[in-house]
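Asker:
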Amino acid sequence: MKNIFIILSLLLLQFVAFAQTEEHKVPSDISEVTVFLHGAQVTRTASVSLEKGKNVLIFRGLASGISPRSIQVSAPENVLINSVKHEINYLQKDRESPRLTEISDSILILDNLISNQNGQKMVMQTEKTMVLANQKLGSEKTGTTMAELQKAANFFRSRLTDIEEQLMKIQKRKKKYKLSKSRLSRQYKELNGQRNRPSNDIRVILNTFSRERVKVSLRYIVNNAGWTPGYDLRAKDTQSPIQLDYRAAVYQNTGLDWEDVKLTLSSGNPNQGGTQPILGAWNLYVQQPHVYYKKSKQRATMAAPKAAPAVEKSYDAEEESSVESDEVSFDDNVTLADYTEVNEGATTAEFAISILQTIASGEKPQQVSIQSNKLPATYQHFAVPKLDHDAFLLARITEWEGLNLLPGEVQIFFEGTYVAQSYIDPNFTKDTLDFSLGRDKKIVIERKRLQDFSKIKTIGFNREKTFAYEIKVRNTKAESANLRLEDQIPVSQDKSISV
Numbered sequence: 096m097k098n099i100f101i102i103l104s105l106l107l108l109q110f111v112a113f114a115q116t117e118e119h120k121v122p123s124d125i126s127e128v129t130v131f132l133h134g135a136q137v138t139r140t141a142s143v144s145l146e147k148g149k150n151v152l153i154f155r156g157l158a159s160g161i162s163p164r165s166i167q168v169s170a171p172e173n174v175l176i177n178s179v180k181h182e183i184n185y186l187q188k189d190r191e192s193p194r195l196t197e198i199s200d201s202i203l204i205l206d207n208l209i210s211n212q213n214g215q216k217m218v219m220q221t222e223k224t225m226v227l228a229n230q231k232l233g234s235e236k237t238g239t240t241m242a243e244l245q246k247a248a249n250f251f252r253s254r255l256t257d258i259e260e261q262l263m264k265i266q267k268r269k270k271k272y273k274l275s276k277s278r279l280s281r282q283y284k285e286l287n288g289q290r291n292r293p294s295n296d297i298r299v300i301l302n303t304f305s306r307e308r309v310k311v312s313l314r315y316i317v318n319n320a321g322w323t324p325g326y327d328l329r330a331k332d333t334q335s336p337i338q339l340d341y342r343a344a345v346y347q348n349t350g351l352d353w354e355d356v357k358l359t360l361s362s363g364n365p366n367q368g369g370t371q372p373i374l375g376a377w378n379l380y381v382q383q384p385h386v387y388y389k390k391s392k393q394r395a396t397m398a399a400p401k402a403a404p405a406v407e408k409s410y411d412a413e414e415e416s417s418v419e420s421d422e423v424s425f426d427d428n429v430t431l432a433d434y435t436e437v438n439e440g441a442t443t444a445e446f447a448i449s450i451l452q453t454i455a456s457g458e459k460p461q462q463v464s465i466q467s468n469k470l471p472a473t474y475q476h477f478a479v480p481k482l483d484h485d486a487f488l489l490a491r492i493t494e495w496e497g498l499n500l501l502p503g504e505v506q507i508f509f510e511g512t513y514v515a516q517s518y519i520d521p522n523f524t525k526d527t528l529d530f531s532l533g534r535d536k537k538i539v540i541e542r543k544r545l546q547d548f549s550k551i552k553t554i555g556f557n558r559e560k561t562f563a564y565e566i567k568v569r570n571t572k573a574e575s576a577n578l579r580l581e582d583q584i585p586v587s588q589d590k591s592i593s594v
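See the structure below:
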């Protein structure tokens, strides 16, 4: 009897041990996302009930493109994290996203509409057949009067015309429904292809000293996401400061939507690598030049490198009209930028948006406003009449260094009208940002060659050429304008030529 009791006790202990190591599929929600220029760090949170001893948690159905080396798990201090393992699950199918469900429902509605049009088409064709089958009027003995014939002709004409018009309308509606269904089907196929990718699972083994409910956080980096910086530059007039709106085009193709998440945009790029470069020895050797032979001319030639000309542009600001940022105020409209906090780290800058955001997977990049700043600017006209007879209005912006700008396209607006597209690259910019606000037709410039003062004279073996040009500038504006005008004189590159 005692032996039986011992055996039952051992079996019970084994059952308890098995129960303690049972795998738990943990439902989790995406709470935070930090989007880098290339890649994003996703934070998931879950509330888990842990048994005393060993616990195995499985986070299932995660986004595709996870970087296994980036996985981090955090839990309270009294919970011991034994191991974290990334697994690919080819048997688990991702749940259908709301976007897929919406597209599927739309396709079903279009199928019903197409079936309805097919039914109407069959009814109209049957009626047409019936009408055409009853064209015989009267009988062979009595015949048909002219009044009856006219009445019948009017009926056939009216009814057949109406039937043909209805058939044309049915065909037009059917074509429209089929086109919409084709577009939705292609979109469904693309999104469903992302959904049918293998599921990413993360297995976490924990140990606790007591039974309790804890909050577990999971962080990992996905590669198929990122953001692109962009700017809107707005100038109200030449007496106002510049308004520079900083925005981001955020995209993600992870297969899962980010719904109501705390979004942070970072200027960092974890895929770029952070290992410092190490200089090696710079060894010099005598190297014989390579000789290339051209068989067609039967002689040896060597290719010599050509130096590209260096051009440097500079604008004098001695007589520019300057406007400080506190002189004129824009209409303050509340935007998402008003709810963005900028945090500057040692190597990167982060833009934390306090309003929860939703970024759908596989959709077009979503525009997110980051900052809106008013910057002091100076305005100056610039012209090169040799190349273009128009004068260009330039806006020169200062005090931009503390805005954490990144290279990106900028859309320029002046006086409420779109002007042009330019590009900001802080890595290759001086202390002042220069932007063209377009051509000013009210500054009329004329450059012409003066034939009376231009001549060619030959003295011995030397030839002397004299050129004279006249430049006229007329300001038709009601206000004065500061104009920088550039022209050039030739520069000799040969000792036999003097200027």
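Going by our numbering, the sequence shown opens with residue 96, and the numbers climb by one from there.
Every residue gets a Cβ at the ideal spot worked out from N, C-alpha and C, and that includes glycine.
1) Round the Cβ separation of Tyr518 and Val505 to the nearest angstrom and send it over; I've been treating them as touching at under 8 Å.
2) Whole angstroms is fine: what's the gap from Gln282's alpha carbon to Asp485's?
3) Report the partner residues of Asn150 according to the DSSP bridge assignment.
4) Please report the straight-line C-alpha distance between Ala330 and Thr493, rounded to a whole angstrom.
5) With respect to the alpha helix (DSSP H) encompassing Lys560, which residues constitute its N-terminal and C-terminal limits?
6) Could you check what DSSP says for Arg306 in three-state terms: helix, strand or coil?
7) On the DSSP bridge assignment, give the partners of Val130 in chain order.
8) Please work out which residues of its chain come closer than 6 Å, Cβ to Cβ, to Ser361, disregarding the five sequence neighbours upstream and downstream, and give them in chain order.
9) Closest by CA to Gln466, which one among Val151, Ala343 and Asn364?
10) Who are the Cβ neighbours of Leu498 in its own chain at under 8 Å, not counting the five residues just before and after it?
11) Using the beta-carbon count (16 or more within 10 Å), is Tyr387 buried or exposed?
12) Going by alpha carbons, who is nearest to Gly321 out of Gly363, Thr140, Ser294 and Ala248?
13) Determine, using beta carbons only, whether Ser162 and Thr349 come nearer to each other than 8 Å.
14) May I have the straight-line CA-CA distance separating Lys572 from Ser549, to the nearest angstrom?
15) With a threshold of 8 Å on Cβ separation, who are the neighbours of Gln516 within its own chain once the five nearest residues in sequence on each side are excluded?
16) Any idea if Thr396 is buried or exposed, counting beta-carbon neighbours within 10 angstroms, 16 or more meaning buried?
17) So what's Gly214 in DSSP terms, helix, strand or just coil?
18) Alpha carbon to alpha carbon, what distance is there between Glu307 and Glu127?
19) Could you give the DSSP three-state label for Ala242: helix, strand or coil?
20) Just checking, does the segment 141-148 make contact with the segment 266-286 on the three C-beta pairs under 8 Å criterion?
Answerer: For this structure:
1) 7 Å
2) For Gln282 and Asp485, the distance between alpha carbons rounds to 48 Å.
3) According to DSSP, Asn150 bridges with Leu301.
4) Whole-angstrom Cα-Cα distance: 14 Å.
5) Premise fails: Lys560 lies in the beta strand (DSSP E), Asn557 to Thr561, not in any alpha helix (DSSP H).
6) coil
7) Ala135 and Leu360
8) These residues qualify, in order along the chain: Thr129, Phe131, Thr443 and Glu445.
9) Ranked by Cα distance from Gln466, the first of Val151, Ala343 and Asn364 is Ala343.
10) Leu339, Tyr341, Gln466 and Asn468
11) Caution applies to Tyr387, whose pLDDT of 49 falls short of 50 and renders its modelled position unreliable; the value that the coordinates give is listed next. Answer is exposed; the Cβ neighbour count stays below 16.
12) Gly363
13) No. Outside cutoff.
14) 34 Å
15) Same-chain partners within the cutoff: Glu504, Val505, Gln506 and Ile507.
16) Residue confidence for Thr396 is low, a pLDDT of 35 falling below 50, so the modelled location carries little weight; the figure read from the coordinates is stated next. It is exposed - the Cβ of Thr396 has fewer than 16 other Cβ atoms within 10 Å.
17) The answer is helix: DSSP assigns Gly214 an H, G or I state.
18) 25 Å
19) Of the three classes helix, strand and coil, the one that applies to Ala242 here is helix, per DSSP.
20) no
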